[in-house]
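Each residue of the sequence shown is one higher than the last, beginning at 10 in the working numbering.
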Amino acid sequence: MEKLDWTQQEFEAYVLLYAAHCNFFESKEEEDYILSRVDKVTFHKIHTEVIVDSDEENLNKIQHYISENKLNQQEKENLIRDIKNVFFADGTVDAIEKKVFNILRKIID
Numbered sequence: 010m011e012k013l014d015w016t017q018q019e020f021e022a023y024v025l026l027y028a029a030h031c032n033f034f035e036s037k038e039e040e041d042y043i044l045s046r047v048d049k050v051t052f053h054k055i056h057t058e059v060i061v062d063s064d065e066e067n068l069n070k071i072q073h074y075i076s077e078n079k080l081n082q083q084e085k086e087n088l089i090r091d092i093k094n095v096f097f098a099d100g101t102v103d104a105i106e107k108k109v110f111n112i113l114r115k116i117i118d
């Protein structure tokens with residue numbers, strides 16, 4: 010995979026949008042939370058990429074970015090916290106979201 014030319018905010022948007030979209034439904038609350046973390050331009054730019062990419066591509070890009078950019082422990086913890094906040098934004102966490110959270114946590118840690 011070639012180098013991903015993302016800013017830190019674009020990466021965060023990609024991960025959070027992937028988390029929100031993993032069950033093929035993004036609630037208004039999930040979208041609002043993500044927009045509290047990233048600007049609208051970044052949100053819309055990255056949203057299309059997340060939707061177009063397959064699940065495998067999504068996870069490969071996230072893993073690739075992390076391995077190239079050497080996130081520190083605090084950045085990893087913040088990202089995991091933000092992913093949890095996306096999943097809990099609408100008040101429910103379904104089985105798919107739980108599975109994706111465990112996968113993302115393993116990739117990030």
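Heads up, the beta-carbon is just placed ideally off N, CA and C, and yes, glycines get one too.
Being a predicted model, the structure only gives us computed values, none of them experimental.
- In angstroms with no decimal places, state the Cα-to-Cα distance between Lys-12 and Val-95. Numbered from its first residue, the sequence shown carries residue 12 at position 3. Numbered from its first residue, the sequence shown carries residue 95 at position 86. If I take the Cα positions, the gap works out to 27 Å.
- Kindly list the residues whose CB is nearer than 6 Å to the CB of Ala-28, restricted to its own chain and excluding five residues on each side of it in sequence; keep chain order. As a working mapping, residue 28 is identified with position 19 in the sequence shown. Cβ within range, chain order: Ile-92, Val-95.
- Message: Rounding to the nearest angstrom, what Cα-Cα distance links Asp-99 and Tyr-42 in this structure?
- Response: Translated into positions along the sequence shown, residue 99 becomes position 90. Translated into positions along the sequence shown, residue 42 becomes position 33. About 10 Å.
- Task: Quick one: residues in its chain with C-beta nearer than 8 Å to the C-beta of Glu-38, no 5 flanking neighbours on either side, listed in chain order?
- Result: Looking up residue 38 in the sequence shown gives position 29. The answer, listed in chain order, is Ala-98, Asp-99, Gly-100.
- Task: Following the continuous alpha helix (DSSP H) through Val-95, name the residue where it begins and the one where it ends.
- Result: Indexing the sequence shown from 1 puts residue 95 at position 86. Taken as a continuous stretch (DSSP letters only), the alpha helix (DSSP H) holding Val-95 covers 82 to 97.
- Query: For Thr-51, does the count of other Cβ atoms within 10 angstroms reach 16, so buried, or fall short, so exposed?
  - Reply: Here residue 51 is taken as the residue at index 42 of the sequence shown, counted from 1. It counts as buried.
- Item | Touch test, the region 16 to 32 against the region 54 to 65, Cβ-Cβ under 8 Å, three pairs minimum | yes
- Query: Which term fits Ile-55, buried or exposed, when burial requires 16 or more other beta carbons within 10 angstroms of its beta carbon?
  - Reply: For the purposes of this step, residue 55 is taken as residue 46 along the sequence shown, with counting starting at 1. Buried: at least 16 other Cβ atoms inside 10 Å.
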